[in-house]
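Visitor: Residue numbers (the numbering used here), protein chains in the order written: chain A, 1 to 127; chain B, 1001 to 1449. Next up is a structure, given as structure tokens.
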Amino acid sequence: MKKILVVEDEKALSLLYKEELTEEGYKVTAVLDAEAALEALAKERFDLIITDIRMPGKNGIDLVTRVLSRQPDIPIIINTAYQSYKNDFKTWAADAYIVKSSSLEELKAKIKELIEKPHVPTQKRPD
Amino acid sequence: MIEIVNFLAQDFEKDAPKELMLLSFISQSFFQPFSLEENLLAILSALTSGSGVGFNRAMLFLAEGPKLRGRLWLGPRSAEEALYIWNTLSTPGIGYAEIIEYNRSLVSRPEDNLSRRIQSLSYDLKAGQELVPSLATTSRNIVLVRDARHEPRLADDFREIIGLDEFLCIPLLAQDEVMGEVILDNAINRAPIEARDIKLASLCGLVAGNAIALARMHRRVTDMERLAAMGEMAAFVTHELRNPLAAVGGFVEQMADPRATDRKKKRNLRIIRGEVKRLEDILFKIAHLWKVELKQSPPCDLGSVVRSILAGPEIRRKKRHRVIVPDIEDNLPPVLCDTTYAAEVVRNILDNAVDATPDRGLIRVRCFFQDSESRVVLSVEDSGAGIPPEIQDKIFTPFFSTKKNGMGLGLLFVKRVMDACGGRVEWESGESRGSVFRLYFPVDKRGSS
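Here is the structure:
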């Protein structure tokens, strides 16, 4: 079973994502902020991360940067209420940028695409 | 020994040089609050007043894009009226302010058809095909017409409206632009236009041109500020509404699924209700932020407002183990502020103090009368970490917040209310010594006079 980490501080949305993605057949871990996400990532390997940007504490963009420096090939979807962060080049490191909406179809389709695509190993960075 | 001389209202002696009188006359208008209309009226008054240049009539045309349009025409409509006006204005004791005031009454009376006559006039400013009056604007030169009746380079409708042979067109120059022109004549006393009149009038033209340029720039800046604020507002509203809407949409979708259990449906309804309430709160806050108006409110007892908020369940629940030390003077005079707004302001300031203060930390709330300024002061001092220097200039910026779920409107609201009631906000903050916010409410003296 593929594992997804959802980083979302809005409690209602976090619950919604957890239920809906579980329904789709994924094992979902939902956390409320970036710190908790980093803790979860240290303990367990995930196949995909969905993260909000504006959260208390460290924001989602910092999280993406941190995660990619450790696990450069994990797919990441940024899911935010803001359109404007698209202009921030740091968000380009994510595999997809989806603006929150009242339908989860786009998000679900993107997850499916990213999680099922054959794994392309990225170049190993020099340590 | 020093002597302090008042800047304003230095009416010059009658025999002072005309240039000096004129300069003095025009400069008066720039002491007024910034208004293009006022400045232009003052300049036209300077051009037509006996103590200024002394033309009989002055007409103002403004360049607006590719057209030159008639705007204002100041002067008597007939010889009788001229006599009456000139007598009135030469009465001893009449100064600049009175002349401008009188002229304002002239141009703003409903039957002032002088201005109305030229407001329908507009002329092309295309180079090469200009006729008087647009010639002065396009050529940037002073144009003196001596024989309008036989002058071919004159627009026909203009010849008819001005109705005399001799007049003067002065372009209003401002740096590299021409803002329009004034057209001057002596329709009543038929005095010939002399070199000295032209010199004085061109001086007025320069001042007027720059006044118009400044006014346009001012308007452009305020428009840009308004647009920027609207853009910020739109971005904020969009994202702020998107979170609850996404939740509502998602949970509704789940309920539409035939497999959804009753229990799940019930839970979803509860969540949806909560999110809808949140949407409503957001709209309420936005609507009220831009609508702070404090007219005709009954006197407000700030001490009671503060006491009741401190005793209320909301703050008690929120403060947990923090210690609030109130020191509220008895018999405070009433303040000039809407009680609902004052309560909201106090709540916002207390909220921030509680958020900033660590558990078991101290918050001092003082409310006292300050005799020297005749203000009631509310001072709220927290024992938090202080406001970091890098965000200190942003605390009143809309939508800026350091709090989780903060909308970034609280302090802005406080400031708007304090501004609206004629009070002010002061604050100090130092790293690791907390912040203190002081609100100065004006005392309501309506009942005591």
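A virtual CB, placed ideally from N, CA and C, is assigned to each residue, including glycine.
List, in order along the chain, the chain B residues whose C-beta lies closer than 7 Å to that of A:Tyr97?
Guide: Within the first sequence, the letter at position 97 stands for residue 97 of chain A. Here the premise fails: no neighbours, minimum Cβ distance about 14 Å.
Visitor: For a quick check, are the C-beta atoms of B:Asn1243 and A:Glu24 less than 8 Å apart?
Guide: Reading the second sequence from its first residue, position 243 is the one you call residue 1243 of chain B. Reading the first sequence from its first residue, position 24 is the one you call residue 24 of chain A. In this structure, A:Glu24 does not lie closer than 8 Å to B:Asn1243 by Cβ.
Visitor: Would you call the segment 52–60 of chain A and the segment 70–90 of chain A touching, i.e. three or more CB-CB distances under 8 Å?
Guide: yes
Visitor: So is B:Val1248 in contact with chain A if we call contact Cβ pairs under 8 Å?
Guide: Against the second sequence, residue 1248 of chain B aligns to sequence position 248. Yes, B:Val1248 lies at the interface with chain A (some Cβ there is under 8 Å from its Cβ).
Visitor: Can you give me, in chain order, the residues of the segment 1307–1339 of chain B that have a beta carbon less than 7 Å from any beta carbon in chain A?
Guide: none
Visitor: So what does DSSP say about B:Phe1413, is it helix, strand or coil?
Guide: In the second sequence, residue 1413 of chain B corresponds to position 413, counting from 1. Residue state, collapsed to three classes: helix.
Visitor: Would the beta-carbon of B:Phe1441 fall within 8 Å of that of B:Leu1302?
Guide: Working through the second sequence from its first residue, we reach residue 1441 of chain B at position 441. Working through the second sequence from its first residue, we reach residue 1302 of chain B at position 302. Their beta carbons are under 8 Å apart, which means B:Phe1441 touches B:Leu1302 by this criterion.
Visitor: B:Leu1245 versus chain A: which residues are under 7 Å apart at the beta carbon?
Guide: Taking the first residue of the second sequence as 1, we reach residue 1245 of chain B at position 245. Within chain A, the residues near B:Leu1245 are Ser102.
Visitor: In angstroms with no decimal places, state the Cα-to-Cα distance between B:Ala1136 and B:Met1230.
Guide: Along the second sequence, read from residue 1 onward, the residue named residue 1136 of chain B stands at position 136. Along the second sequence, read from residue 1 onward, the residue named residue 1230 of chain B stands at position 230. Cα to Cα, the separation comes out at about 40 Å.
Visitor: Consider the Cβ of A:Thr13: report whether some Cβ of chain B lies at a distance smaller than 8 Å.
Guide: In the first sequence, counting from the first residue as 1, residue 13 of chain A sits at position 13. Contrary to the premise, residue 13 of chain A reads as Leu rather than Thr in this sequence. Closer than 8 Å to some Cβ of chain B, the Cβ of A:Leu13 qualifies, so yes.
Visitor: Please decide whether A:Ser84 counts as near chain B, where near means a Cβ-Cβ distance under 8 Å.
Guide: Indexing the first sequence from 1 puts residue 84 of chain A at position 84. A:Ser84 counts as touching chain B.
Visitor: Express the C-alpha separation of B:Thr1222 and A:Ala93 in angstroms, rounding to a whole number.
Guide: Here residue 93 of chain A is taken as the residue at index 93 of the first sequence, counted from 1. Here residue 1222 of chain B is taken as the residue at index 222 of the second sequence, counted from 1. Roughly 39 Å separates the two Cα atoms.
Visitor: On the three-state DSSP scale, how would you describe A:Ser14?
Guide: Numbered from its first residue, the first sequence carries residue 14 of chain A at position 14. In the structure shown, A:Ser14 falls within a helical segment according to DSSP collapsed to helix, strand and coil.
Visitor: For B:Pro1133, count the other beta carbons within 10 Å of its own beta carbon; 16 or more makes it buried, fewer makes it exposed. Which is it?
Guide: Counted from its first residue, the second sequence places residue 1133 of chain B at position 133. By the 10 Å Cβ count, B:Pro1133 comes out buried.
Visitor: Could you check what DSSP says for B:Glu1003 in three-state terms: helix, strand or coil?
Guide: Taking the first residue of the second sequence as position 1, residue 1003 of chain B is located at position 3. It is coil, neither helix nor strand.
Visitor: Determine, using beta carbons only, whether B:Ala1235 comes closer than 8 Å to chain A.
Guide: Against the second sequence, residue 1235 of chain B aligns to sequence position 235. It does; some Cβ of chain A falls within 8 Å.
Visitor: Consult DSSP for B:Cys1204 and reduce its assignment to one of helix, strand or coil.
Guide: Translated into the one-based positions of the second sequence, residue 1204 of chain B becomes position 204. Of the three classes helix, strand and coil, the one that applies to B:Cys1204 here is helix, per DSSP.
Visitor: Give the straight-line distance between the Cα atoms of B:Lys1277 and B:Leu1241, rounded to the nearest whole angstrom.
Guide: Looking up residue 1277 of chain B in the second sequence gives position 277. Looking up residue 1241 of chain B in the second sequence gives position 241. In a straight line, the C-alpha of B:Lys1277 is about 12 Å away from that of B:Leu1241.
Visitor: What whole-angstrom Cβ distance do B:Ala1356 and B:Ser1432 have, given they're in contact under 8 Å?
Guide: Numbered from 1 along the second sequence, position 356 holds the residue referred to as residue 1356 of chain B. Numbered from 1 along the second sequence, position 432 holds the residue referred to as residue 1432 of chain B. Not a contact, Cβ separation roughly 12 Å.
Visitor: Quick check on the DSSP output: the alpha helix (DSSP H) that includes B:Gly1303 runs from which residue to which?
Guide: The residue you call residue 1303 of chain B lines up with position 303 of the second sequence. Per DSSP, B:Gly1303 belongs to the alpha helix (DSSP H) from 1302–1311.
Visitor: Classify B:Gly1054 as helix, strand or coil using the three-state DSSP reduction.
Guide: For the purposes of this step, residue 1054 of chain B is taken as residue 54 along the second sequence, with counting starting at 1. In the structure shown, B:Gly1054 sits in coil (DSSP, three-state: anything other than H, G, I, E or B).
Visitor: Between the Cα of B:Asp1419 and the Cα atoms of B:Phe1369, B:Leu1439, B:Leu1022, which residue gives the shortest distance?
Guide: The residue given as residue 1419 of chain B occupies position 419 in the second sequence. The closest CA to that of B:Asp1419, considering only B:Phe1369, B:Leu1439, B:Leu1022, is found on B:Leu1439.
Visitor: How many whole angstroms separate the CB atoms of B:Gly1050 and B:Leu1106, which I take to be in contact at a CB cut-off of 8 Å?
Guide: Here residue 1050 of chain B corresponds to residue number 50 of the second sequence, with the count starting at 1. Here residue 1106 of chain B corresponds to residue number 106 of the second sequence, with the count starting at 1. By a beta-carbon distance limit of 8 Å, B:Gly1050 does not contact B:Leu1106. Their separation comes to about 15 Å.
Visitor: Which chain B residues are close to A:Leu16, counting only those with a beta carbon under 7 Å from its beta carbon?
Guide: The sequence position of residue 16 of chain A within the first sequence is 16, counting from 1. Within chain B, the residues near A:Leu16 are Ala1247, Gly1250, Phe1251.
Visitor: What number of angstroms, rounded off, separates the C-alpha of A:Thr61 from the C-alpha of A:Glu19?
Guide: By one-based count along the first sequence, residue 61 of chain A stands at place 61. By one-based count along the first sequence, residue 19 of chain A stands at place 19. The amino acid occupying residue 61 of chain A in the given sequence is Ile; Thr does not appear at that position. Taking the straight line joining both Cα atoms gives about 25 Å.
Visitor: Answer yes or no: does any C-beta atom of chain B fall closer than 8 Å to that of A:Glu20?
Guide: Position 20 of the first sequence, counting from 1, holds the residue named residue 20 of chain A. So, interface residue.
Visitor: For the ligand GTP, is there a heavy atom less than 7 Å away from the beta-carbon of B:Glu1344?
Guide: Among the ligands in the structure shown, none appear at all, so the ligand GTP cannot be discussed.
Visitor: Going along chain B, which residues have a C-beta under 7 Å from A:Ala42?
Guide: Here residue 42 of chain A is taken as the residue at index 42 of the first sequence, counted from 1. Going along chain B, no residue has its Cβ under 7 Å from A:Ala42, so there is no contact; the nearest lies around 23 Å.
Visitor: Consider the Cβ of A:Glu10: report whether some Cβ of chain B lies at a distance smaller than 8 Å.
Guide: Indexing the first sequence from 1 puts residue 10 of chain A at position 10. Yes, because at least one Cβ of chain B sits closer than 8 Å to the Cβ of A:Glu10.
Visitor: Check the C-beta distance from A:Ser14 over to A:Ala40 and give it rounded, since I have them as a contact under 8 Å.
Guide: On the first sequence, residue 14 of chain A is found 14 positions in, with the first residue counted as 1. On the first sequence, residue 40 of chain A is found 40 positions in, with the first residue counted as 1. Contact between A:Ser14 and A:Ala40 does not hold, since the beta-carbon distance rounds to 13 Å and is not under 8 Å.
Visitor: Is the Cβ of B:His1239 closer than 8 Å to any Cβ of chain A?
Guide: Stepping through the second sequence from its first residue, residue 1239 of chain B is reached at position 239. Closer than 8 Å to some Cβ of chain A, the Cβ of B:His1239 qualifies, so yes.
Visitor: Could you tell me whether the Cβ atoms of B:Ser1297 and B:Cys1337 are closer together than 8 Å?
Guide: The residue you call residue 1297 of chain B lines up with position 297 of the second sequence. The residue you call residue 1337 of chain B lines up with position 337 of the second sequence. Against a cut-off of 8 Å, the Cβ pair of B:Cys1337 and B:Ser1297 comes out as a contact.
Visitor: Is B:Glu1240 helix, strand or coil by DSSP?
Guide: If you number the second sequence from 1, residue 1240 of chain B lands on position 240. In this structure, B:Glu1240 counts as helix in the three-state DSSP scheme.
Visitor: Are B:Ile1309 and B:Ala1343 close, meaning C-beta to C-beta below 8 Å?
Guide: Numbered from 1 along the second sequence, position 309 holds the residue referred to as residue 1309 of chain B. Numbered from 1 along the second sequence, position 343 holds the residue referred to as residue 1343 of chain B. It is a contact, given that the beta carbons lie within the stated cut-off.
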